[in-house]
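Per the numbering used here, the sequence shown runs over residues 32 to 307. C-beta atoms are modelled at their ideal positions from N, C-alpha and C, and glycine is treated no differently. Some notes on the structure that comes next.
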Amino acid sequence: MTRYWWRERLGRDFAHAFRVALIHEEHTPAGQHLQVFHNPFWGRFVVLDGVVQFTERDEFIYHETIVLTPLALFAEPPREVLIIGGGDGGVLRELQKFSDPRRILQVELDLSVFRACQKYLREISGDYRDPRVELRVEDGLSATQGLPPESFDLVIVDCTDPVGPAKSLYTREFYQAVLRVLRPGGVFIQQASLPGFFPEILREAYGRAKEIFPRLTVLRAMVPCYGDEIAFLLGGKDPEADFLPRREFQGRYYSPEMHRASLVIPPYWQEILRRS
């Protein structure tokens, strides 16, 4: 297998480099440049439009954080869960570790990403044969706007950064649609990029979301392949929500202690939020 050095360009003057073998490449109908690589250290990993989405080595950190953190907030387990994005199947995998959800609706815009991950990274994915699961191929904003009000307990937005197809998922219109479909006490979570590299993404997303959600905070997780801590928006329909765990889970990365620690953000992140 021929290997070469591939660079993930993060700015005009710096990049991450991976020695890779190309496994799959295509330009998808949704307009994304999709690549699947293999690296001896990171394993297989997915790249969209030149940006690493996840690697086999450390994807569990991201997926446990975006799923177990909101699940732990519910004293009574959520019954209906909406996933926006998540075409790799990792969010579904974490949800399926629990029998509580009776309905999981997933909306994915780019079926090419789903198919590539099912073919080349099947082991990280949940089981789409589960009768509780419905997969729709649709734009996340329009799909959410078309759902009945107060129809979901939890909304997980596992999307790319706000460029290309995912741009609409960081708008006030989208956050309004999410709030509308949440039941009383419902919870929303969304990745908000890497504040050390792209502070404007967190600043703008937080600024829009805080106008919509009665309660909003930011949490963090260190995913090594990204080279920086990743931020997540965590929103609640209950204005009194404190976002502390009501139930205790133990993962490879997630724990009640890590949950509490993730809510403590550094002063320079706090400054980013103050400017939103």
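Using a 10 angstroms sphere on the CB of Ser130, the tally of other CB atoms stays under 16, which defines it as exposed. Under the DSSP assignment, Glu111 falls outside any alpha helix (DSSP H), being part of the beta strand (DSSP E) whose first and last residues are Glu111 to Gly116. Looking only at Phe76, Phe49 and Arg134, the smallest Cα-Cα distance to Arg153 is reached by Phe76. With at least 16 other beta carbons inside 10 angstroms of its own, Glu95 counts as buried. The three-state reading of DSSP puts Val295 in coil, since its state is none of H, G, I, E or B.
Secondary structure of Thr175 (DSSP, three-state): helix.
Within its own chain, the residues whose Cβ lies closer than 8 Å to the Cβ of Phe229, once the five positions on either side in sequence are excluded, are Asp192, listed in chain order.
Tyr237: not part of any beta strand (DSSP E); member of the alpha helix (DSSP H) spanning Pro230 to Lys241, first to last residue. Nearest C-alpha to Arg38 among Pro60, Gln66, Thr59 and Gly62: Gln66. In this structure, Leu200 lies near Val188, with their beta-carbon atoms less than 8 Å apart. DSSP assignment within the segment 246-291 yields the following whole beta strand (DSSP E) runs of 3 residues or more, N-terminal first: 246-254 and 259-267.
In the three-state reduction of the DSSP assignment, Gln66 falls in the strand class, which pools E and B. Look at Tyr35 here: in three-state DSSP terms it is strand. Under the DSSP definition of a beta bridge, Thr86 partners with Phe76. The segment 214-226 and the segment 268-288 touch, with no fewer than 3 CB-CB distances between them shorter than 8 Å. Per DSSP, Gly217 is one residue of the beta strand (DSSP E) stretching across Leu213 to Gln222. When C-alpha distances from Glu87 are compared across Tyr299, His69, Leu104 and Ile243, the shortest belongs to His69.
Looking at the DSSP output, Arg134 sits in a beta bridge with Glu111. The residues Glu260, in chain order, have a CB closer than 6 Å to that of Met253 in the same chain once the five nearest residues on each side in sequence are set aside.
Counting only residues of its own chain and dropping the five nearest sequence neighbours on each side, Pro101 has a CB closer than 6 Å to the CB of Leu185, Val218 and Ile220. Taking the CA atoms as reference points, Ala174 sits about 10 Å from Leu140.
For Leu166, the enclosing beta strand (DSSP E) has its first and last residue at Val164 to Val168. Distance from the CA of Leu247 to the CA of Phe45, rounded to the nearest whole angstrom, comes to 32 Å. Taking all protein chains shown into account, Tyr35 has fewer than 16 neighbouring C-beta atoms within 10 Å of its C-beta and is therefore exposed. Scanning its chain for C-beta atoms nearer than 6 Å, with the 5 sequence neighbours on each side dropped, one finds around Ala48 the residues Trp36 and Arg38, in chain order.
Under the DSSP assignment, Ala46 falls in the beta strand (DSSP E) whose first and last residues are Ala46 to His58. For the set Arg110, Phe91, Arg40 and Ile97, the Cα lying nearest the Cα of Val78 is the one of Arg40. Boundaries of the beta strand (DSSP E) harbouring Phe183: Phe183 to Asp189, taken from the DSSP string.
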